[in-house]
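Down below is the structure, laid out as structure tokens.
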Amino acid sequence: MNEARVKKRMSNKKYLAIWVPVLAVVTLVAVVANVALVVAGGWVASQFGSGTYTFTNAEESAGWDTEYYTADYGSIEEVDAAAEALVEEISGAGIVLAKNEAAALPLAAGAKVTMLGRAAADPVYGGAGSGSVDTTSAVNARVGLENAGFEVNDAVYTAIETFAGKNPRGHIEMDNPEASSYTIGELPVAEYQAQQSTFADYADAAVIYLGRPGGEGGDLATDMAGWDDNYVEGQHQLELNQDEKDLVELAKDNFDTVVVVINASTTMELGLLQDDAGVDAILLAGSPGATGLNALGRILSGDINPSGRTADVWAADFTADPTFVNFGDFQYENLSVSYPVSAVESATSNATVTDEATFVNYAEGIYIGYRYYETAAAEGFLDYDQAVVYPFGHGLSYTGFDWQVTGTELGAVDGTIAVTVQVTNTGDVAGKDVVQLYYTAPYTPGGIEKSEVVLGAFAKTGLIEPGASESVTLELGVEDMASYDYLGEQAYVLEAGDYAISLRTDSHTVAAGTEPITYTVDSDVVYSGDNHRSTDLAEVTNQFDDVSAQFSTEPEDGKILSMSRADFAGTFPTAPAGDQLVASDAVAEGFAAWDYDAVADAFEGDMPTTGASTELSLIDLRGLPKDDPQWDELLDSLSVGDMTDMLLNGAYQTAAIGSIGKPQTTEPDGPAGFSSFINSSINGVAYPSEFLIAQTWDVDLGRAMGEMLGNEAMFKDINGWYAPAANLHRSPFAGRNFEYYSEDPFLSGAMMTAVANGAATKGVYTTLKHFALNDQETNRVNNGIATWATEQTIRELYLKPFEMAVKNISMEVPYLADDQGTIETTTVGSTGIMSSFNRIGATWAGGSEALMTDVLRGEWGFEGFAISDFNLYPYMNPNQGISAGTDLTLTFQPSKSFGDTSSAKAVTDIRDATHHILFTVANSNAMNGLAPGATVSYTPPTWVYLQIGITALVGVLVLAAVVMVVRRVRRVRSGEPAAD
């Protein structure tokens, strides 16, 4: 026998010690990966697709016209080209000529110019965050000038471009102040010295570009300490820093004509430039989007006659504004708030997150922007000429206009005031003008607070040739001059007295040749009970007493002193101190986690029907009233799972429900054009910022923008749009001002309504945002910032633009009216709105029943759906949201779920929320191509097949490995040889 040595076998114990952990880990990884894909399915679907629902119409409806909305263009390329032309038109109509001494502008044709300032080579096209847009192919400032026929100093431009590339400008990092930067980043004057010899060859004009960015999730710096090498105590980000002042001096020393372009979508302190005789012209260019800098060049050349008007007052000293001391970071000293880590709020949950409770006081009340400066001047509290650089509504032209009132109609108190104005071009170039109508209500010291003037109507003319005229009629509802009396009547009140109706070229200047019109109200009109205003659906009365309760008209410990025009000096706002930093029990209760168990126990309704059979599909209900009985039948057929899967998966979409033929929808951001964090293929043309759009004072252009986006939506299968946005410019330091129209609620509401109505022509529903009082970014997240304002302030200012839009948006809905394919048309109103991060008082806005149901639906008649702002935070409770009227949760976060889906209360809320969403989708372009009787099939996305395939393969391999291990162990035990 051969004596070769036989290899010693590995023992079963050692063998198992290797293989059991390997197989356990592989199995665990496979299980965890599959669970993660289920839990995070919404996010995964957003990145890799959610599958395809295929709808097939019945044979009898195959020839019916089911294209309810159609595009006006033949291709997306045609839409993009038309959109870029429209962006240029909007910018040309919105850029404000603020100063033009000795007719310095327009410049001569073919002028040779030197561009100065960082923004010349690094323009601010728009803002950062969800309102950002793709500007990689945007026309830059140099190209804009060259396209207008100017020659540009290349040496200087190249030096600026090189510097800007190496020295980043400050930026706002969303919700991350530690990573944000507030550096101005201007090229120091010393750096221009190497190119100064080239100035003489391009000396027709110096065009200085001064820029300021903005972004979601952070505000601009009210103090530049640590951010500016030449810091002066108290210096803030919205005044010229030393480098910029030096740059202006450099231009004045070397050029006879100096033009300054302000490339910022918020106001800046420009008193030094306005008063400087060496600065010949100033243009307020906002953030101009893809092609807006072409329009700037055409304005400089005179090809476009500027017709923009300021959408905010441009004050001389921002630190003297009544909002300044109550903007920023304020925390309650005695209150920290704990919430379960999961969004499932449960009294038994032990995992919690604790954070500070922050707040902001709107102590200035109704006196923001021009409402403060005009009123304070009328009361002798300030010198208007010293306090204001450019009034609200200010703007110059290359021509002149004359106004003549040709007709006045003074209706009854339940009617309308109408003023017809003939506008005549008295100059020698064609131009457009803006006619502004303001009203001055009678004020009694100690009574309802009232601004000296309030914008009531406006109209922009078409292009009027020299010597020609155009008539415009401005209408103002008499009831719209009523003020909200939250302390007395708890209703809108049109007080007796004389109302002065004035035509103005801006908020401060009565138009030459016109006289105020007096409208007399004989006795107080109280719009209470059934005698509500004609535009209201139901009685309007106090809904926010808990918020107003924090205010006092006299100094009182712990209370916020309300600013009053009866005593501006004695009531001028101060920063929170002392007892104002101590949260009361009522405030602490508002911050507490929502108790859905208590709410469910108190509910007295019946459990809704679920899972019943029906032959109805969603297309059958298109065009039907929301209270049609067939809606109940359709909703009865849905399971709770069907509904919650949709309600909790609302990030930029509403999920499909195959059982009723509801397609998945697509809903991108943002106010300056379609923008998506998750699907860049639907990103579109970059429009100007809303700030610049508002400066057009042109609702027709607003509607044109909406229509163009609607056309874009037709080619990209977009159904809803997270825009427009109409929070107010309460402070110039708000980082998101680029995303909002104006400080004035009427101008904001008019532009929002116009844009939304334009999009509606293509079946696109708009989610108006951010509802409401979301007027600063500091402390917007974590526990949500408590916003304190009186009910008068809330209603007259911050709710007003949303109220106007909800009441005036209208979408035509073509629908199949019978079994023969007959098309009829109905209309629906506003069907989308987005709640905000902040709290109204101490209650999360999205969880405020007073806001989301009583006001929005009860008073205004809103019938659509509400979605939360991006929900990553435990204070934004989905159960609280749907109870209050916020139907859809905008989130990818797996832990965001309903803590209660079984009580009658929860199921009723879930059903109502589903109804709101389905009503909106049924009447949108999402139903294009569908007819009653359509069948639906579903094809999962590729990643699901990969998941199944990889899971199956891993399972087979693990099973094979287990079999191998078992057989080997058995052989060793039996003494058989084992191949180790």
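Just so we're aligned: 452 in full-length UniProt numbering is position 452 of the sequence shown, and the numbers increase by one with no gaps anywhere.
Glycine is no exception: its CB is placed at the ideal position from the N, C-alpha and C atoms.
None of the values given here were measured: they were computed from a predicted structure.
Subject >> Supposed close pair L768, P724 - CB separation, criterion 8 angstroms >> reply: Contact flag correct, Cβ pair sits at about 7 angstroms.
Original post:
Using the beta-carbon count (16 or more within 10 Å), is M964 buried or exposed?
Top reply: exposed
**OP:** Drop a sphere of 10 angstroms on the beta-carbon of S11, count the other beta-carbons inside from all chains shown, and report buried for 16 or more, exposed for fewer.
**Re:** exposed
**OP:** State whether the segment 920-938 contacts the segment 892-906, with contact taken as three or more CB pairs (one from each stretch) at a distance under 8 angstroms.
**Re:** no
Subject >> First through last residue of the alpha helix (DSSP H) which encompasses Q543 >> reply: Careful: Q543 lies outside any alpha helix (DSSP H) and carries neither H nor E.
**OP:** Compare the beta carbon distance of Y373 and A387 with 8 angstroms and say whether it is the shorter of the two.
**Re:** yes
Original post:
For the 8 angstroms Cβ check, are there 3 or more pairs between the segment 482-496 and the segment 727-740?
Top reply: no
**OP:** Taking the CB atoms as reference points, tell me whether M563 and G380 lie closer together than 8 angstroms.
**Re:** no
**OP:** Have a look at L647, D620, M646 and flag the residue whose alpha-carbon is nearest the alpha-carbon of L634.
**Re:** Here the closest residue by C-alpha is D620.
Original post:
Once you ignore the five residues that flank A343 on each side, which residues in its own chain have a CB closer than 7 angstroms to its CB?
Top reply: Interpretation of A343 is limited by its pLDDT of 43, a score under 50 that renders its predicted location unreliable; the figure taken from the coordinates is listed afterwards. Excluding residues within five positions, the ones whose Cβ falls inside 7 angstroms are P874, N877, P878, S895, K896, S897.
Subject >> Candidates F802, L250, A295, P177, of which the one nearest G215 by Cα >> reply: Among F802, L250, A295, P177, the Cα nearest to that of G215 is on P177.
Original post:
From which residue to which residue does the beta strand (DSSP E) around Q196 run?
Top reply: Neither: Q196 is in no beta strand (DSSP E) and is coded neither H nor E.
Original post:
In whole angstroms, what is the alpha-carbon distance linking D243 and A295?
Top reply: Going from the Cα of D243 to the Cα of A295 covers about 28 angstroms.
**OP:** Report all residues from its chain with a CB closer than 8 angstroms to the CB of G861; omit the five preceding and five following residues, and keep chain order.
**Re:** Only L537, V806, K807, G829 meet the Cβ criterion.
Subject >> Buried versus exposed, by CB contacts within 10 Å (16 or more), A17 >> reply: Exposed.
Subject >> Identity of the residue in Y68, N34, V29 nearest residue 983 by Cα >> reply: Outside the displayed span of the chain (1 to 980) sits residue 983, for which this structure offers no information.
Original post:
For D433, is the classification buried or exposed, using 16 other Cβ atoms within 10 angstroms of its Cβ as the cut-off for buried?
Top reply: With 16 or more Cβ atoms within 10 Å of its Cβ, D433 is classed as buried.
Subject >> For L270, three-class secondary structure by DSSP >> reply: coil
Subject >> Start-to-end residues for the beta strand (DSSP E) that takes in H394 >> reply: Unbroken run through H394: none, as it is neither H nor E.
Original post:
In chain order, which alpha helix (DSSP H) runs of at least 4 residues are fully inside the segment 126-206?
Top reply: 141-147, 154-166
Original post:
For F324, which residues from the same chain have a beta carbon less than 8 angstroms from its beta carbon, with the 5 sequence-adjacent residues on both sides left out?
Top reply: Residues T222, F318, S731 of the same chain have their beta carbon placed closer than 8 angstroms to that of F324, with the five preceding and five following residues left out of the count.
**OP:** Consider the Cβ of G129: report whether some Cβ of chain D lies at a distance smaller than 8 angstroms.
**Re:** In the structure shown, chain D does not exist; there is a single protein chain.
Original post:
Which one or two residues does DSSP pair with P940 in a beta bridge?
Top reply: Answer by DSSP bridge pairing: none, since P940 is not bridged.
Subject >> Per-residue DSSP class, three states only, for M964 >> reply: helix
Original post:
Who are the Cβ neighbours of T520 in its own chain at under 6 angstroms, not counting the five residues just before and after it?
Top reply: D498
Subject >> Sub-8 angstroms separation of N241 and D253 beta-carbons >> reply: Taking 8 angstroms as the Cβ cut-off, N241 and D253 do not qualify as a contacting pair.
Original post:
Which term fits T279, buried or exposed, when burial requires 16 or more other beta carbons within 10 angstroms of its beta carbon?
Top reply: Correcting the residue identity first, residue 279 is Val in this sequence and not Thr. Burial call: buried.
**OP:** Please report how far the alpha carbon of T787 lies from the alpha carbon of S689, in whole angstroms.
**Re:** 26 angstroms
Original post:
Rounded C-beta distance between F255 and D312? I'm assuming under 8 angstroms.
Top reply: About 30 angstroms separates the two Cβ atoms, so there is no contact after all.
**OP:** Check the C-beta distance from P213 over to H171 and give it rounded, since I have them as a contact under 8 angstroms.
**Re:** Cβ atoms of P213 and H171 come within 8 angstroms of each other, at about 6 angstroms.
Original post:
According to the Cβ coordinates, are F691 and T266 closer than 8 angstroms?
Top reply: Yes, the pair counts as a contact, with Cβ atoms nearer than the cut-off.
**OP:** Identify every run of the beta strand (DSSP E) within the segment 434-476, keeping only runs that are complete inside it and at least 3 residues long; order them along the chain.
**Re:** 434-440, 454-460
Subject >> Close beta carbons around E539, own chain, < 6 angstroms, minus the five adjacent residues each side >> reply: G529, H532
**OP:** Please state if the CB of F55 and the CB of G661 are separated by a distance shorter than 8 angstroms.
**Re:** yes
Original post:
So the beta strand (DSSP E) H770 belongs to, where does it begin and stop?
Top reply: 768-771
Original post:
Of the choices A277, T136, Y687, F837, whose alpha-carbon is the least far from that of A83?
Top reply: Y687
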